[in-house]
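I have placed the structure first, in the form of structure tokens, so that the comments after it can refer back to it.
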Amino acid sequence: MGMTSGIIERYREYLPVTSKTPFVSMGEGSTPLVLSQNIGPELGCRALYFKLEGCNPTGSFKDRGMAMAIAKALENGSKRIICASTGNTSASAAAYGARYGLRCIVLVPAGAGDVAVGKLAQAMAYGARVIAVKGSFDAALRLVREASERLDLELVNSVNPNRIEGQKTAAFEIVDDIGDSPDYLCIPVGNAGNITAYWKGFREYWQVARARSLPRMMGFQAEGAAPIVRGHPIETPTTIASAIRIGNPASWKGAVAARDESNGLIEAVSDDEIVNAYLRLARTEGVFCEPASAASVAGLMKLPSLGVPLTGKTVVCVITGNGLKDPSTAERRARVDFEFVEPALDKVEALLVEGQVSRI
Ligand code: F0G
4 MGMTSGIIER YREYLPVTSK TPFVSMGEGS TPLVLSQNIG PELGCRALYF
54 KLEGCNPTGS FKDRGMAMAI AKALENGSKR IICASTGNTS ASAAAYGARY
104 GLRCIVLVPA GAGDVAVGKL AQAMAYGARV IAVKGSFDAA LRLVREASER
154 LDLELVNSVN PNRIEGQKTA AFEIVDDIGD SPDYLCIPVG NAGNITAYWK
204 GFREYWQVAR ARSLPRMMGF QAEGAAPIVR GHPIETPTTI ASAIRIGNPA
254 SWKGAVAARD ESNGLIEAVS DDEIVNAYLR LARTEGVFCE PASAASVAGL
304 MKLPSLGVPL TGKTVVCVIT GNGLKDPSTA ERRARVDFEF VEPALDKVEA
354 LLVEGQVSRI
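Okay, so the sequence shown: first residue is 4 according to the working numbering, each after it adds one.
As structure tokens, this is what we get:
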């Protein structure tokens, strides 16, 4: 594969690519599928893997769908793109927009902590126009849907089918790596585009016999932002996991279909469970993700109590975004008190004598 080959080049036969579709790539996709060293064995899994989507060019899975959406936007002659976002979609849209000369406008919820600082920094650095909506993500999404119809703006949220097409390639990669579908796929659910996309990908690979089986789709929402679990929209969603602080997901139907057709489930995990999984991932696996991403692992750890056996199962948890995007969560939840030392070897030695090392 070439230096910048991304998902369009790798999977073009499965994507809506025509002779007129431009080659768009920042090297997205082909992300690591990493075998769990501790969590999986403790749970009795045959194999637990983490799909590290934080290794994409802008640090989240959004780059897969964005590459496809931008390629089609260019093919259709669009000049401007717009999206609503809890941060990652806007970072990705801003990056691909900058690279391919499309003016990018992002609408983000304006509340303190609604968008993690790293994600906002990205949108600004890539030169997007950032509009803060005094309301929720759901309000911002409603606005961009309406605005894109009235004005000449290409909507690049996952209601754009090209986003789903690009994102389904992550399912292809999992099957290509392990030789079949896993027994379970655990995934955070926010606006529900990603679970919809993965299910589409697994089904398409199964239909052409690239996979012999289909996974059970296990989606997890944050307890205070769990409209699909509750069965109705949530007016004011709350959770530490700002990426999935969404009360009325656009792909609600797609998520329910993925759940029901796969004999899967969509359940809620509490913020405490999310933070616990976030720290376990970092401290026992070396995987630093953002809180929303840890919802997949929090959910996995909950499966036995929901009556779903893990013994002997092959499981993939999708780790959707990089921990560096949201440094303030780690600061607050993983704070260790520094030890201070004079700049002298004997003082450092005294600290590090075996038996005294406790807090590092
Ligand atoms: N994990 C992360 C890190 C996300 O940023 C998102 C969604 C999800 C999971 C949930 O995926 O929406 O397809 O169900 N972020 C969107 C955004 C809403 O604007 O960046 P989903």
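Ideal placement from N, C-alpha and C gives every residue a C-beta, glycine not left out.
Cβ-Cβ separation, residue j to residue i (assumed contact under 8 Å), whole Å
i, j, result
"residue 97", "residue 130", "7 Å"
"residue 176", "residue 32", "7 Å"
"residue 193", "residue 89", "7 Å"
"residue 85", "residue 156", "4 Å"
"residue 118", "residue 112", "7 Å"
"residue 328", "residue 49", "About 32 Å; that fails the 8 Å criterion."
"residue 203", "residue 249", "That pair is no contact at about 20 Å."
"residue 258", "residue 195", "4 Å"
"residue 82", "residue 105", "7 Å"
Residues of its chain near residue i, where Cβ-Cβ distance is below 8 Å and the 5 sequence neighbours each way are ignored
i, result
"residue 190", "197, 198, 201, 220, 221, 222, 223, 299, 320, 321, 323"
"residue 5", "Any reading at residue 5 is ruled out, since the residue's pLDDT is 49, under 50, leaving its predicted position unreliable."
Sequence-distant residues of its chain with Cβ nearer than 7 Å to residue i (five each side left out)
i, result
"residue 277", "225, 243, 244, 294, 297, 298, 301"
"residue 61", "94, 95, 98, 125"
"residue 66", "29, 31, 59, 60, 95"
"residue 266", "219"
"residue 45", "none"
"residue 187", "218, 219, 221, 316, 318"
"residue 255", "195, 231"
"residue 183", "214, 215, 216"
"residue 238", "250"
"residue 138", "112"
6 Å CB neighbourhood of residue i in its chain, flanking five on each side removed
i, result
"residue 24", "74, 78"
"residue 350", "344"
"residue 162", "253"
"residue 185", "218, 317, 318, 319"
"residue 348", "none"
Start and end residues, beta strand (DSSP E) containing residue i
i, result
"residue 230", "Unbroken run through residue 230 is the alpha helix (DSSP H), 230-233; no beta strand (DSSP E)."
"residue 272", "268-272"
"residue 134", "132-136"
"residue 103", "No beta strand (DSSP E) holds residue 103; the alpha helix (DSSP H) holding it covers 91-103."
"residue 106", "106-112"
"residue 201", "No beta strand (DSSP E) holds residue 201; the alpha helix (DSSP H) holding it covers 196-210."
"residue 10", "No beta strand (DSSP E) contains residue 10, which is instead part of the alpha helix (DSSP H) from 10-13."
Run of the alpha helix (DSSP H) containing residue i, from where it starts to where it stops
i, result
"residue 223", "It is not in any alpha helix (DSSP H) - residue 223 instead sits in the beta strand (DSSP E) that spans 219-225."
"residue 354", "348-355"
"residue 178", "172-181"
"residue 83", "First-last for residue 83: 83-87, but that is the beta strand (DSSP E), not the alpha helix (DSSP H)."
"residue 247", "Unbroken run through residue 247: none, as it is neither H nor E."
"residue 73", "65-78"
"residue 140", "140-153"
"residue 334", "330-336"
"residue 262", "255-264"
"residue 23", "Counting along the chain, residue 23 falls outside any alpha helix (DSSP H), and DSSP gives it neither H nor E."
"residue 316", "Counting along the chain, residue 316 falls outside any alpha helix (DSSP H), and DSSP gives it neither H nor E."
"residue 127", "120-128"
"residue 42", "42-46"
Bridge partner(s) assigned by DSSP for residue i
i, result
"residue 54", "36, 321"
"residue 190", "222"
"residue 276", "Answer is none; residue 276 lacks a bridge partner."
"residue 292", "325"
"residue 158", "85"
Residue i CB to nearest heavy atom of ligand 3 below 7 Å
i, result
"residue 91", "Among the ligands present in this structure, namely ligand 1, ligand 3 is not found."
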